[in-house]
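Just so we're aligned, residue 3 is where the sequence shown starts under my numbering, counting upward by one.
Each residue gets a CB set at the ideal place from its N, CA and C atoms; glycine is no exception.
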Amino acid sequence: MFFFSAFWLRRKFNNAVVRHLDTSAILLGLLELPNPFSSSGQNYTEAYFKKQWKLQRIFKSQHSTSDEKEKKDLVALYKKEAALERLRVCLINPQLYLSTDSKISLLQENIARMSDEVAMECIRLGTDLPTVDAEEQKFWLLLWDSKSELYVQLVHLHAERHPIDDAQRQGSRLGTELKEKIFKAIQSRRPAVNKLLNVFNQHYEDYKQCFPTQQLCVVEPFPLTYETFLAMPLDHAFWNDGLYYHSQKPWATNADIHTGINCVLILSRVQEEFELLAQELTQAVGWSIGLYENLSNCIAKIQKALDQFNHSKNSSSNNGLPNSNSENNPFYHITNLPLEGLSTQEKLQVVQKELQQQLMQHGQMVEDWSRDVNWLWSRCQPPSNQLNALLIRWLELVTKVVSNTGNVCAYSHVVDEGLEDVILGVDFDDGEEANDGLVGEYNNAVEDTSDE
């Protein structure tokens with residue numbers, strides 16, 4: 003679980019730095035632009051973007067779920083009105099005279115029924131209609147409804163493409179079969195998306211004809227095609243919140259402010275990522291030190307018990323190993339292992355040898371981590387933590403591991419040949435019968451990927 007921890011922490015750090023630099027570049031470009039909403043003619047500032055984000059959240063908090071339901075009810079009403087208008091067009095179509103009396107009667111009944119439904123909905127919603135022009139409000143809601151459905155489709159498309167995009171970023175490969183499944187899933191959505199695009203384009207064309215000077219919803223290029231739609235990122239300016247909130251405030255209608263808010267939020271998230279990386283680094287280092295010390299202590303305790311046993315054996319005294327059947331025996335769980343044919347001393351030697359192997363492997367991992375941990379610590383930790391107690395213990399551990407590698411390897415030959423012969427003759431249980439049961443300075447932090 004922890005074997006690649008240091009490597010992946012370093013990779014996550016580099017990705018966060020790249021995201022920080024890319025976002026900072028976009029934000030710096032915005033900060034050079036004049037703020038059209040500033041009375042003093044100043045440029046955009048980070049404080050201004052943060053203020054707009056605060057105003058957006060306040061606006062959202064002041065609009066309850068009932069407001070959203072009313073918008074959806076109005077959209078349903080406008081759709082019924084459009085359907086009623088199409089039925090009335092059918093009623094005055096000369097071809098209607100070629101229809102049977104029953105079809106004409108059915109059409110008239112449908113018109114009468116839908117007219118009653120529309121009238122009742124108008125009575126229910128009419129007193130709560132906004133004060134803006136009713137016709138423009140109608141277009142706003144229809145466009146909002148169309149864009150909302152398109153956005154849902156775009157989210158699904160991006161989710162389906164995510165494995166491919168993720169593989170390209172990481173430089174990994176996807177199997178041909180998986181790619182084919184992804185492209186088939188994307189292609190299967192095309193008819194539904196094209197239908198929604200046609201509805202949106204029609205609503206937008208009608209809106210522009212009635213209100214040619216409006217700036218709330220701008221579509222360029224128009225009409226919106228499937229290829230253009232598919233290439234849109236989720237934070238594209240097309241998805242501005244002007245239609246969604248029905249607000250003319252800067253945060254809702256201005257694409258630069260929308261991008262600036264997005265940049266500020268991303269930088270805040272990257273800052274949080276750096277802090278989390280610093281915590282993960284200290285946890286990984288602490289775990290590594292603790293495990294090494296625990297393994298070393300266990301090996302030392304077993305060796306002490308073996309030395310005591312050998313001493314008592316040589317001196318013919320009774321101060322050997324405690325009674326293996328007594329729970330007061332610190333090695334009770336070892337001496338009672340079901341290793342048939344092995345004495346208590348031999349069981350301790352077997353476990354000691356296994357712990358020594360584990361210690362060797364862990365020591366090798368510490369050496370493998372050393373370069374990445376030192377690199378990360380100098381960048382993830384604040385200056386006050388550059389030489390704290392945990393780092394000093396880590397450096398001491400690395401030095402100890404490197405200098406004692408030969409001694410650790412020597413321990414692997416503690417078990418004599420006679421004991422190994424006994425072990426090889428033991429029928430171990432193979433399980434066949436078992437039941438299934440923070441942030442510091444990070445300038446110049448991005449390294450060349452070839453060093454990875």
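Identified DSSP bridge partners for residue 36: The residue labelled residue 36 in the question sits at position 34 within the sequence shown. Answer by DSSP bridge pairing, in chain order: 45.
Buried or exposed (CB count within 10 angstroms, at least 16 for buried), residue 307: As a working note, residue 307 is residue 305 in the sequence shown. When all chains shown are included, residue 307 counts as buried.
Option nearest residue 340 by Cα separation, candidates 333, 332 and 349: Counting from one through the sequence shown, the residue named residue 340 turns up at place 338. Comparing C-alpha distances from residue 340 to each of 333, 332 and 349 shows the shortest one belongs to 349.
Where residue 225 sits in the DSSP three-state scheme: For the purposes of this step, residue 225 is taken as residue 223 along the sequence shown, with counting starting at 1. In this structure, residue 225 counts as coil in the three-state DSSP scheme.
For residue 208, the nearest candidate out of 169, 145, 153 and 343 (CA to CA): Numbered from 1 along the sequence shown, position 206 holds the residue referred to as residue 208. Of the candidates 169, 145, 153 and 343, the residue whose Cα lies closest to the Cα of residue 208 is 145.
Meets three-Cβ-pair contact criterion under 8 Å: the region 17-37 and the region 281-295: As far as the Cβ criterion goes, the region 17-37 does not touch the region 281-295, which means the pair count is below three.
For residue 345, the three-state DSSP class (helix, strand or coil): By 1-based counting over the sequence shown, the position of residue 345 is 343. If DSSP states are grouped into helix, strand and coil, residue 345 belongs with coil.
Candidates 31, 61, 177 and 21: closest to residue 254 by CA position: The residue you call residue 254 lines up with position 252 of the sequence shown. Per the Cα distances, 61.
Under the three-state DSSP convention, the category residue 390 falls into: By one-based count along the sequence shown, residue 390 stands at place 388. The answer is coil: DSSP assigns residue 390 none of H, G, I, E or B.
Presumed contact (8 Å Cβ cut-off) between residue 159 and residue 184, rounded CB distance: In the sequence shown, counting from the first residue as 1, residue 159 sits at position 157. In the sequence shown, counting from the first residue as 1, residue 184 sits at position 182. No, residue 159 and residue 184 are not in contact; Cβ-Cβ is about 10 Å, not under 8 Å.
Buried or exposed (CB count within 10 angstroms, at least 16 for buried), residue 37: In the sequence shown, residue 37 corresponds to position 35, counting from 1. Taking every protein chain shown into account, the CB of residue 37 has 16 or more other CB atoms within 10 angstroms, so this residue is buried.
Residue 262 classed as buried or exposed, judged by whether at least 16 other C-beta atoms fall within 10 angstroms: Residue mapping note: residue 262 aligns to position 260 of the sequence shown, counting from 1. With 16 or more Cβ atoms within 10 Å of its Cβ, residue 262 is classed as buried.
Residue 234 - DSSP class collapsed to helix/strand/coil: Counting from 1 along the sequence shown, the entry for residue 234 is found at position 232. Correct three-state label for residue 234: coil.
Cβ-Cβ distance between residue 397 and residue 12 below 8 Å: For this step, residue 397 is matched to residue 395 along the sequence shown. For this step, residue 12 is matched to residue 10 along the sequence shown. Taking C-beta atoms as the reference points, residue 397 and residue 12 fail to come closer than 8 Å.
Sub-8 Å separation of residue 374 and residue 49 beta-carbons: Locating residue 374 in the sequence shown gives position 372, where the first residue counts as 1. Locating residue 49 in the sequence shown gives position 47, where the first residue counts as 1. Result no, Cβ atoms of residue 374 and residue 49 do not sit closer than 8 Å.
Counted within 10 angstroms of its Cβ, other Cβ atoms place residue 381 as buried (16 or more) or exposed: In the sequence shown, residue 381 corresponds to position 379, counting from 1. Flag for residue 381 reads buried.
Secondary structure of residue 215, DSSP reduced to three states: Within the sequence shown, residue 215 is the residue found at index 213, counting from 1. Judged by DSSP in its simplified three-state form, residue 215 adopts coil rather than helix or strand.
Whole-number beta carbon distance between residue 233 and residue 260, since they are thought to touch under 8 Å: Translated into the one-based positions of the sequence shown, residue 260 becomes position 258. Translated into the one-based positions of the sequence shown, residue 233 becomes position 231. Incorrect: roughly 19 Å between the Cβ atoms, too far for contact.
For residue 226 and residue 202, believed in contact at Cβ under 8 Å, the rounded distance: If you number the sequence shown from 1, residue 202 lands on position 200. If you number the sequence shown from 1, residue 226 lands on position 224. Between residue 226 and residue 202 the Cβ distance is about 7 Å, and since that is below 8 Å, they are a contact.
CB of residue 358 within 8 Å of CB of residue 301, strictly: The count along the sequence shown starts at 1 and reaches residue 358 at position 356. The count along the sequence shown starts at 1 and reaches residue 301 at position 299. The criterion of a C-beta distance shorter than 8 Å is satisfied by residue 358 and residue 301.
Classification of residue 365 by the beta-carbon crowding that lies within 10 angstroms, buried from 16 upward: Sequence index remark: in the sequence shown, residue 365 carries index 363 (1-based). Buried.
Whole-Å CB distance - residue 354 paired with residue 310, under 8 Å assumed: Counted from its first residue, the sequence shown places residue 354 at position 352. Counted from its first residue, the sequence shown places residue 310 at position 308. Not quite, the Cβ-Cβ distance comes to about 14 Å (not below 8 Å), so this is no contact.
Nearest neighbour of residue 148, chosen from 161, 190 and 194 [CA to CA]: Residue numbering aside, residue 148 sits at position 146 when the sequence shown is read from its first letter. Out of 161, 190 and 194, 194 has the C-alpha closest to the C-alpha of residue 148.
Reduced DSSP category for residue 176 - H, G, I as helix; E, B as strand; rest coil: Your numbering for residue 176 matches position 174 in the sequence shown. Three-state DSSP puts residue 176 in coil, outside helix and strand.
Through-space distance from residue 196 to residue 157, alpha-carbon basis: Taking the sequence shown and counting its residues from 1, the one referred to as residue 157 is at position 155. Taking the sequence shown and counting its residues from 1, the one referred to as residue 196 is at position 194. When rounded, the distance between both Cα atoms is 15 Å.
Cβ separation of residue 152 and residue 231, assumed to be a contact under 8 Å, to the nearest whole Å: On the sequence shown, position 150 is the one that residue 152 refers to. On the sequence shown, position 229 is the one that residue 231 refers to. With a Cβ gap of about 7 Å, residue 152 and residue 231 count as contacting.
Cα-Cα separation between residue 164 and residue 56, rounded to whole angstroms: For the purposes of this step, residue 164 is taken as residue 162 along the sequence shown, with counting starting at 1. For the purposes of this step, residue 56 is taken as residue 54 along the sequence shown, with counting starting at 1. The alpha-carbon atoms of residue 164 and residue 56 are separated by roughly 31 Å.
Delimiting residues of the alpha helix (DSSP H) encompassing residue 254: Reading the sequence shown from its first residue, position 252 is the one you call residue 254. Unbroken alpha helix (DSSP H) run through residue 254: 252-255.
As assigned by DSSP and simplified to three states, the class of residue 333: Working through the sequence shown from its first residue, we reach residue 333 at position 331. Here residue 333 carries a coil assignment [DSSP, helix/strand/coil].
Three-way DSSP call (helix, strand, coil) for residue 64 in this model: Along the sequence shown, read from residue 1 onward, the residue named residue 64 stands at position 62. Residue state, collapsed to three classes: coil.
Rounded separation between residue 369 and residue 224 - CA only: Position 367 of the sequence shown holds residue 369. Position 222 of the sequence shown holds residue 224. C-alpha separation (whole angstroms): 60 Å.
Pick from 190, 18, 404 and 312 that is closest to residue 371, judged by C-alpha positions: Translated into the one-based positions of the sequence shown, residue 371 becomes position 369. Of the candidates 190, 18, 404 and 312, the one whose C-alpha sits nearest the C-alpha of residue 371 is 404.
Buried versus exposed call for residue 394 [16 or more other C-beta atoms within 10 Å across all chains shown]: In the sequence shown, counting from the first residue as 1, residue 394 sits at position 392. Exposed, since its Cβ has fewer than 16 Cβ neighbours within 10 Å.
Residue 181 versus residue 166: straight-line alpha-carbon distance, rounded: One-based indexing of the sequence shown puts residue 181 at position 179. One-based indexing of the sequence shown puts residue 166 at position 164. Linking residue 181 to residue 166 through their CA atoms gives a straight-line distance of about 8 Å.
Assigned secondary structure, residue 451 (DSSP; H/G/I helix, E/B strand, else coil): Mapped onto the sequence shown, residue 451 falls at position 449. Model confidence at residue 451 stands at a pLDDT of 39, short of 50, so the residue's coordinates are unreliable; what they give is reported in the following sentence. DSSP, reduced to helix, strand and coil, places residue 451 within a helical segment of the structure shown.
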